[in-house]
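There are 4 protein chains.
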Amino acid sequence: MNEKELRAELATSIRLLEYMGLIDFSGHVSVRLPKEDTLLINSWGGSRCSLGPDDIVRAGMNGESLDPGKEVPSEIFIHTSIYRKRPDVQAISHLHPPITTALSIAGKPYVPVMHHGAIFGTGVPVHDNCGHVNSKAKGDVLAELLADHRALIMRGHGAVVVAESIRGVFFGSVYLEDNAAKLAEAWKMGEPIPLREDECAASAGIWRQNQFNKIWNYYQEKSGIYFQ
Amino acid sequence: MNEKELRAELATSIRLLEYMGLIDFSGHVSVRLPKEDTLLINSWGGSRCSLGPDDIVRAGMNGESLDPGKEVPSEIFIHTSIYRKRPDVQAISHLHPPITTALSIAGKPYVPVMHHGAIFGTGVPVHDNCGHVNSKAKGDVLAELLADHRALIMRGHGAVVVAESIRGVFFGSVYLEDNAAKLAEAWKMGEPIPLREDECAASAGIWRQNQFNKIWNYYQEKSGIYFQ
Amino acid sequence: MNEKELRAELATSIRLLEYMGLIDFSGHVSVRLPKEDTLLINSWGGSRCSLGPDDIVRAGMNGESLDPGKEVPSEIFIHTSIYRKRPDVQAISHLHPPITTALSIAGKPYVPVMHHGAIFGTGVPVHDNCGHVNSKAKGDVLAELLADHRALIMRGHGAVVVAESIRGVFFGSVYLEDNAAKLAEAWKMGEPIPLREDECAASAGIWRQNQFNKIWNYYQEKSGIYFQ
Amino acid sequence: MNEKELRAELATSIRLLEYMGLIDFSGHVSVRLPKEDTLLINSWGGSRCSLGPDDIVRAGMNGESLDPGKEVPSEIFIHTSIYRKRPDVQAISHLHPPITTALSIAGKPYVPVMHHGAIFGTGVPVHDNCGHVNSKAKGDVLAELLADHRALIMRGHGAVVVAESIRGVFFGSVYLEDNAAKLAEAWKMGEPIPLREDECAASAGIWRQNQFNKIWNYYQEKSGIYFQ
Numbered sequence: 001m002n003e004k005e006l007r008a009e010l011a012t013s014i015r016l017l018e019y020m021g022l023i024d025f026s027g028h029v030s031v032r033l034p035k036e037d038t039l040l041i042n043s044w045g046g047s048r049c050s051l052g053p054d055d056i057v058r059a060g061m062n063g064e065s066l067d068p069g070k071e072v073p074s075e076i077f078i079h080t081s082i083y084r085k086r087p088d089v090q091a092i093s094h095l096h097p098p099i100t101t102a103l104s105i106a107g108k109p110y111v112p113v114m115h116h117g118a119i120f121g122t123g124v125p126v127h128d129n130c131g132h133v134n135s136k137a138k139g140d141v142l143a144e145l146l147a148d149h150r151a152l153i154m155r156g157h158g159a160v161v162v163a164e165s166i167r168g169v170f171f172g173s174v175y176l177e178d179n180a181a182k183l184a185e186a187w188k189m190g191e192p193i194p195l196r197e198d199e200c201a202a203s204a205g206i207w208r209q210n211q212f213n214k215i216w217n218y219y220q221e222k223s224g225i226y227f228q
Numbered sequence: 229m230n231e232k233e234l235r236a237e238l239a240t241s242i243r244l245l246e247y248m249g250l251i252d253f254s255g256h257v258s259v260r261l262p263k264e265d266t267l268l269i270n271s272w273g274g275s276r277c278s279l280g281p282d283d284i285v286r287a288g289m290n291g292e293s294l295d296p297g298k299e300v301p302s303e304i305f306i307h308t309s310i311y312r313k314r315p316d317v318q319a320i321s322h323l324h325p326p327i328t329t330a331l332s333i334a335g336k337p338y339v340p341v342m343h344h345g346a347i348f349g350t351g352v353p354v355h356d357n358c359g360h361v362n363s364k365a366k367g368d369v370l371a372e373l374l375a376d377h378r379a380l381i382m383r384g385h386g387a388v389v390v391a392e393s394i395r396g397v398f399f400g401s402v403y404l405e406d407n408a409a410k411l412a413e414a415w416k417m418g419e420p421i422p423l424r425e426d427e428c429a430a431s432a433g434i435w436r437q438n439q440f441n442k443i444w445n446y447y448q449e450k451s452g453i454y455f456q
Numbered sequence: 457m458n459e460k461e462l463r464a465e466l467a468t469s470i471r472l473l474e475y476m477g478l479i480d481f482s483g484h485v486s487v488r489l490p491k492e493d494t495l496l497i498n499s500w501g502g503s504r505c506s507l508g509p510d511d512i513v514r515a516g517m518n519g520e521s522l523d524p525g526k527e528v529p530s531e532i533f534i535h536t537s538i539y540r541k542r543p544d545v546q547a548i549s550h551l552h553p554p555i556t557t558a559l560s561i562a563g564k565p566y567v568p569v570m571h572h573g574a575i576f577g578t579g580v581p582v583h584d585n586c587g588h589v590n591s592k593a594k595g596d597v598l599a600e601l602l603a604d605h606r607a608l609i610m611r612g613h614g615a616v617v618v619a620e621s622i623r624g625v626f627f628g629s630v631y632l633e634d635n636a637a638k639l640a641e642a643w644k645m646g647e648p649i650p651l652r653e654d655e656c657a658a659s660a661g662i663w664r665q666n667q668f669n670k671i672w673n674y675y676q677e678k679s680g681i682y683f684q
Numbered sequence: 685m686n687e688k689e690l691r692a693e694l695a696t697s698i699r700l701l702e703y704m705g706l707i708d709f710s711g712h713v714s715v716r717l718p719k720e721d722t723l724l725i726n727s728w729g730g731s732r733c734s735l736g737p738d739d740i741v742r743a744g745m746n747g748e749s750l751d752p753g754k755e756v757p758s759e760i761f762i763h764t765s766i767y768r769k770r771p772d773v774q775a776i777s778h779l780h781p782p783i784t785t786a787l788s789i790a791g792k793p794y795v796p797v798m799h800h801g802a803i804f805g806t807g808v809p810v811h812d813n814c815g816h817v818n819s820k821a822k823g824d825v826l827a828e829l830l831a832d833h834r835a836l837i838m839r840g841h842g843a844v845v846v847a848e849s850i851r852g853v854f855f856g857s858v859y860l861e862d863n864a865a866k867l868a869e870a871w872k873m874g875e876p877i878p879l880r881e882d883e884c885a886a887s888a889g890i891w892r893q894n895q896f897n898k899i900w901n902y903y904q905e906k907s908g909i910y911f912q
C-alpha cells in the first residue's frame, strides 16, 4: 500500500472501531510507514465518529507531529515506544473497550475462553496504572510490559493491540473485547473454563489474512464506512 | 418448496439470524434438498449481513461444493455428518450465540427455564472443545453427541440447532438464545428454577408450524428482509 | 373515548410496548368497552411491530371473538377472568418483559427499589407455572392470584399489568420492568435495598394521569408511532 | 455567552443526555444567569427527546417560574438550593442514570475506578431517600449533603451533577455513569480495585475545557443535535 491507501485504511479502521463501541471519543490507531522512521496516526482533534483520511497526521518516532497545524494525540508515546521495541509490529490500536477494562478493574486475569481468544494465548499483561501515557518514559514502561504479546490492558483506562497490519490490529481489537465479553459473563455466573493448551494450539491458525479480510469486509458492509 | 424457493428461504433465515446477533460474520444455515443426496448452504465468502439467494451453494454429502467457483464453509462437516445420522433432520444452523456460548464457558448446564425453552426439554449436550469442525471425523463426533436432541453447544465457540424445516431451525435458534439469556440472568442473581417435567410436557406443543410462521413473519417485518 | 379512539389508543399502546422490547412477538393489551360486556384486544395474527387500529378485535367475556374472521389471542382468558373479578380494572396488558421474567426464574421476590416502583408497593405475586393461560379455569387462577394488586408475574413466561385506563397500563408496564431492571442489577452486585414504607407512601402519588400522559407522549415522540 | 446562547447550550445538553439514556423522560439541567439572581431550566412539559431553546424557562431562586404560562419542573428545588449554597456552581443536572442508581440500590459506595472517574475522587454522597425533591426544605437537605463534591446520588431515584459550566456538567454526567458502569461490572465479577490516591491526583487534570469541548462535539456529531 502507498501512503494514500494507508491513510484510507487507517481512517476506516478507526471509524469501524468507533462504530463498534471500542474506541470511544479519544482512542487512536497508527501504522508505520514502510521504509521510513515515521508513522501515521489520527489527529488529536479529529472526531472519531466522522474523521476521514484528511484527519491522519504524520509523526516522527519521538512523538512529534510532522504536519504543521495538525496535533498528534497526547498518548502518541504508546505507539512510538512500541514501534521502537518491536520491529515486527506495523500497526497499533489504543482502545477503550468497556468489558476488557472492567475485567481489569475486577482484578480478573485475561485468559482465552473463546475459539478466537486463542490469539491471546501467550497472555495479556495488565498495566497497574490508569493514567495517561503522555511521555516517552511512560510509553517505554508499556512497551516493556507488552514484551512479545499481542495486547495489553491498562487497568481502569483501556487497552493496546499490535499486529503486522491495520487489518490485523482490527481483528485483534474485535476479538480482545469479544473474548473479554464471554469471560466476564462467565465470571458473573461462576468460574470460567479457560481454553486448554491443545485448544489454543489448534486455534492459533485463525490469525491469518483471509480472516482479517472477512471480518473487515463484514463490518464495512454493516456500517457503510468506506473511503476512496 | 422448489429449489428456488428454498434458496430464498435459506438466505432469509441467515439474514434474520444475523440481524438478531446470533450468527456473527461466519455462521451458516443449510437445508437438505428433497429426494436428493445434496444440501444447500451459504457460501464461505457471502457476507452474512448482505447475502441473498445467489450466495447459496449446492454441496454433496461429503462436504464438496457442487457449484464450481463457489466455496462452502470450512465447517460444512457439521451439516453433512448430522444429515447422514439423522434422516428426520431437514435443516441445520450453526450459530455463534453470545449468551448460550457464555453459559458453556461458565460450565453451567443448559436447562429449560422459559415456556419456549421447553422445546429443549430432552437436554442440550455440550461439546467440550472450542475448535473448528473442519473434517468428517470431527463432524461425526458432533453428530454422535447430538443424538436425538434439537441442539448442542460447542464450548467457547457456538451452537448447532436442527429441525424438520428452515423455519423450525429459525424458531429453535431464537429460543435457544432466549432461554439462555434468562438462564444466565438468573445465575447472575442466584440459582435458576428449571421448568418442572409437567411444565415441559404441557409446553412442548409450541413446536408447531403456525408458531414458526408467526415469529418468522414478525422478524421479517421488523428487519425488512425479504427475497423474491 | 369512543370505540374508534379506544382502538387507536390500544394499537398505540401495543406498538409502544413492542418498541420498548416489553411485549415480544405475541403479547397483548385489552380495554373494556364502557357500558358493554365486551372488550377490545389485538388479534392473534396482527404483527406486534406493525399492527394498527384495524387489527383490534371485539371479544365477549367468555373469550369469544365477536368479529367474524378475526381471531383472538389464545391467552385471552387472562383478560376475561380479570375483568370479571375486578370491576375497577378497565385495561390489561400481557407482557413478556425480559428482566421481570428473569427475576422470577431466579426466585427473587419482586420488591420496589425505585421511586416509580412504589406503585407496586402492595406486592407483585408470582404464578409458579410457565404455561399458556388458554382456558377459563387457568384465567381464573391468575385472577385469584392477582387479587387487588396492580401486576403479577408468570414464572418463566411473562407478566400481567392492570389499570383503570390504557395509559395507566402503559405506565405500569414500563415501570414494572424498569424497577425490575434495577432490582436485578442490585442482586447481581449484592443485596438490594427495598423502599421503606415511608418512601412507598410518599411516592404513591406518581400514579396519576399527568404522569401517564407525560411518559406516553415522550415515547410517542421517540418512536414516531401515532394513529388517526 | 448571552442568554440566547445559554438557552441553545442548555437545550443541547438536555437533548444529548437524553440521547445517551441518562436523563429519561423527566430529568432537567439548569444554568445560572450571569449577574442575575435567576436561572434557566427546561420546562416541566417540554419533551426531553424533542425540546429546543424555546422550552427553556427563566426561574427565580425560590423556584418560581418567571415566564408566565411556562411551568418549571417540580424538583426545581434541587437547583435553587444548590445555587444558594455553592456560589462556584454555574450549572446543574438532575439525571436518572440507570447504573449509578442501581449501585445505590445495591448499597455499594461510589468510588473512582476509571481514569475519568478521578473527577469524583472526593466522593459522591448518597441520599438515603428515593422521594421527589419538591420543596425548599428537601432541596436544602440535598445541598447540605452535596457539600463541596461534584455529584450526589439519590438512592432509588437518580443523581445530581454540578459544575462551573453547562459543558462541565455534561462531561461530569457522562463520566459519573461511565465510571459507575465499570464499577458495577466489577462488583458482578468480584471486588473492584479503586483508583489509588496517586492515580486520582495524576488524573484530576482531565477536568478542563478542552476535554469538555471534545466530548461535547463528539456527541453532537453522533446525534446530530444542534441548535441555532
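Protein chains in written order, with the numbering used here: chain H, 1 to 228; chain C, 229 to 456; chain R, 457 to 684; chain L, 685 to 912. Using N, Cα and C, we set each Cβ at its ideal position, and we do this for glycine too.
Residue state for Ala607 (chain R) is assigned as strand, using DSSP reduced to three classes. The stretch 548 to 614 of chain R is shown to contain whole alpha helix (DSSP H) runs of 4 or more residues at 554 to 561, 592 to 602, in chain order. In this structure, the beta-carbon distance from His96 (chain H) to Gly139 (chain H) does not fall below 7 Å. Counting only runs that start and end inside the stretch 252 to 307 of chain C, the beta strand (DSSP E) elements of at least 3 residues fall at 256 to 260, 266 to 270, 284 to 288.
Counting only unbroken stretches of 3 or more residues, the beta strand (DSSP E) elements lying wholly within the stretch 383 to 433 of chain C are 386 to 391, in sequence order.
Any Cβ of chain L closer than 7 Å to the Cβ of Ser65 (chain H) would place that residue at the interface, and such an atom is absent. Within chain R, the residues placing a beta-carbon under 7 Å from that of Val341 (chain C) are Ile561, Gly612, ordered along the chain. Going by C-alpha positions, Met704 (chain L) is about 26 Å away from Cys884 (chain L). Taking 7 Å as the threshold, the shortest C-beta distance from Gly711 (chain L) to chain R does not fall below it. For the pair Ala802 (chain L) and Leu706 (chain L), the CB atoms are not nearer than the 7 Å cut-off. With respect to the C-alpha of Ile434 (chain C), the residue from C:Asp426, C:His343, C:Gly418 having the closest C-alpha is C:His343.
Using a Cβ-Cβ cut-off of 8 Å, Lys108 (chain H) is close to Met873, Gly874 of chain L, given in chain order.
Under a criterion of Cβ atoms nearer than 8 Å, the residues of chain R adjacent to Ser431 (chain C) are, in order, Cys586, Gly587, His588. Where Asn217 (chain H) is concerned, the enclosing alpha helix (DSSP H) starts and stops at 209 to 223. Residues of the stretch 884 to 908 of chain L with a C-beta less than 7 Å from any C-beta of chain H: Ala886, Ser887, Lys898, Ile899, Asn901, Tyr902, Glu905, Lys906, listed in chain order.
Identification of residues in the stretch 770 to 783 of chain L having a C-beta nearer than 8 Å to some C-beta of chain R yields Pro782, Ile783, given in sequence order. Of all residues in the stretch 266 to 285 of chain C, only Trp272, Gly273, Ser275, Arg276, Cys277, Ser278 come within less than 9 Å of chain H when Cβ atoms are compared, listed by chain position. Put simply, the CB of Ala387 (chain C) is far from chain H, with every gap to its CB atoms at 7 Å or more. Leu473 (chain R): member of the alpha helix (DSSP H) spanning 459 to 475, first to last residue. With a 10 Å radius around the Cβ and a threshold of 16 neighbouring Cβ atoms, Leu294 (chain C) comes out exposed.
Cβ atoms of Phe804 (chain L) and Leu867 (chain L) stay farther apart than 8 Å, at about 11 Å. One finds Ser560, Ile561, Ala562, Gly563, Asp584, Arg611, Gly612 in chain R with Cβ atoms closer than 9 Å to the Cβ of Ile421 (chain C), taken in chain order.
Check the Cα spacing between Ser499 (chain R) and each of R:Thr556, R:Val545, R:Ile512: the tightest is with R:Ile512. Between Leu462 (chain R) and Tyr539 (chain R), the alpha-carbon positions lie close to 17 Å from each other. Between the alpha carbons of Leu701 (chain L) and Asp426 (chain C) lies a gap of roughly 48 Å. For Glu405 (chain C), the nearest beta carbon of chain R is not closer than 7 Å to its own beta carbon.
By the criterion of a C-beta distance shorter than 8 Å, Val300 (chain C) is surrounded in its chain by Ile269, Ser271, Trp272, Val285, Ala287, Gly291, Glu292, Ser293, once the five residues flanking it on both sides are discounted. Against chain C, the beta carbon of Ala637 (chain R) has no neighbour under 7 Å; the closest one sits roughly 11 Å away. Close to Glu197 (chain H), with beta-carbon spacing below 8 Å, lies no residue of chain C; the smallest spacing is near 12 Å. Ser659 (chain R) is classed as buried because its beta carbon has at least 16 other beta carbons within 10 Å across all chains shown. The straight-line gap separating the alpha-carbon atoms of Gln448 (chain C) and Ala319 (chain C) is approximately 19 Å. Comparing alpha carbon positions, the residue from H:Phe227, H:Glu164, H:Tyr226 closest to Arg208 (chain H) is H:Glu164.
His79 (chain H) and Leu33 (chain H) do not touch by the CB rule: their CB atoms are close to 12 Å apart, not below 8 Å. With respect to the 7 Å criterion, Ile850 (chain L) and Glu693 (chain L) are classified as neighbours on the basis of their beta carbons.
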